[in-house]
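Enquirer: If you read the sequence shown in our numbering, its first letter stands for residue 316, the second for the next number, and so on.
Take this structure, written in structure tokens, and hold onto it; I'll ask about it next.
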Amino acid sequence: MGALGNLTESLTGRRDAVLEGFTESGGLPETLAADKRYTEIEILLREDCSTWSVSPDLARLLARAVIGLGLSNVLEFDAGLSSLVLATSLSRLSGGKLTSVEQNLSWCRDPWKRVSDLVNVDSRIVESKLRLSLSVMGVCYCFRDAAGIGASRGPYDLVLVDAPQGFYGRDGALQMARWHLASRALVVLHDAGRSGERWALFRSLATIRGYRLLFWDPEFGGRGCAILRWCSDRRIRPNLLAVSTSVVQAPRYAGGRRRRHAEIAEWM
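Here it is as structure tokens:
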């Protein structure tokens, strides 16, 4: 292993150690930890077997958050099966609000037809292109076109971050969410076992004082999950490692974007 490999191993080891140190000792609330399943959600999971969807374990966790904890104003970055799971859960809760931010509406047209049919759910989806930006967490891709609608429908008590695609990094979604959260809101990060998502999680916790890491399991659902709690402190603390790693990763995201766009075009 060369010098670069040694440096990479050292940095990722430090990152994961910091994440474990950030995790609060209380763990998941009992309502989320219990293996409670809802018939409506299980039906949806049997209908959708796409590898692009949220994992079944995460879908069940989201349903427990909405129905069990009564979280009724939801923001999600991404749309698809997760939208149906969240909207169906809100409908069972006797209604609520769902706001979805999606990069390309053609990717989620069919599930959103079904979401719109739920009359007791105030649902809204907005298409937003990604823009490379400089934030307190460093260089990241942000859904800047969605800032207005995101603000007008908040504050949110539950946020799902499952976009943009992993090759863009999810720092921008975590950065945007902090401006529109209710006190003690939960922010769920999907795919938290992947290296890019671990870095996004690290940078969020290192720079934004209001985020507390409630739960992190890199193996959850086979893809990993992290849950942050919002503690209403929007102050930031500059972190050199957060900024420098974001700068290094940005060119890699650009290369991955080109490869994945080709894969998506073939899949479509």
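Built from N, CA and C at the ideal position, the CB exists for glycine as well.
Bear in mind that the values here come from a model prediction, so they are computed numbers and not experimental data.
Around the Cβ of W514, are there at least 16 other Cβ atoms within 10 angstroms (buried) or fewer (exposed)?
Expert: When all chains shown are included, W514 counts as buried.
Enquirer: Tell me the residue span of the alpha helix (DSSP H) that contains A541.
Expert: Per DSSP, A541 belongs to no alpha helix (DSSP H); it is in the beta strand (DSSP E), 540 to 545.
Enquirer: How long is the line joining the alpha carbons of L501 and L360, rounded to whole angstroms?
Expert: If I take the Cα positions, the gap works out to 23 Å.
Enquirer: Can you give the beta carbon distance from S467 to S547, rounded, assuming they're within the 8 Å contact cut?
Expert: So it is not a contact: roughly 20 Å between Cβ atoms.
Enquirer: Rounded to a whole number of angstroms, what is the C-alpha to C-alpha distance between M583 and R550?
Expert: With a pLDDT of only 31 at M583, under 50, the local geometry of the prediction cannot be trusted, and no value is derived from it.
Enquirer: For Y483, name the three-state secondary structure that DSSP assigns.
Expert: If DSSP states are grouped into helix, strand and coil, Y483 belongs with the helices.
Enquirer: As a quick exercise: from D331, S519, V434, pick the residue whose alpha carbon is nearest that of L558.
Expert: Here residue 558 is Val; the residue named in the question, Leu, does not match the sequence. Ranking the options by Cα distance to V558, first place goes to S519.
Enquirer: When we look at the beta-carbon of I358 and count the other beta-carbons within 10 Å, is it buried (16 or more) or exposed?
Expert: With fewer than 16 Cβ atoms within 10 Å of its Cβ, I358 is classed as exposed.
Enquirer: What residue range does the alpha helix (DSSP H) around F517 cover?
Expert: First-last of the alpha helix (DSSP H) with F517: 510 to 522.
Enquirer: Cα separation between S409 and N435?
Expert: If you take the alpha carbons of S409 and N435, they lie about 7 Å apart.
Enquirer: State the start and end residues of the unbroken beta strand (DSSP E) segment that holds A500.
Expert: Its beta strand (DSSP E) spans residues 496 to 505.
Enquirer: Please indicate yes or no: does the CB of D548 lie closer than 6 Å to some heavy atom of the ligand ADP?
Expert: Because no ligand of any kind appears in the structure shown, any question about the ligand ADP cannot be addressed here.
Enquirer: How many Å lie between G395 and W422 at the Cα?
Expert: The straight-line gap from Cα to Cα measures roughly 8 Å.
Enquirer: Cβ atoms of F392 and A488: under 7 Å apart, would you say?
Expert: Yes, the Cβ-Cβ distance between A488 and F392 is below 7 Å.
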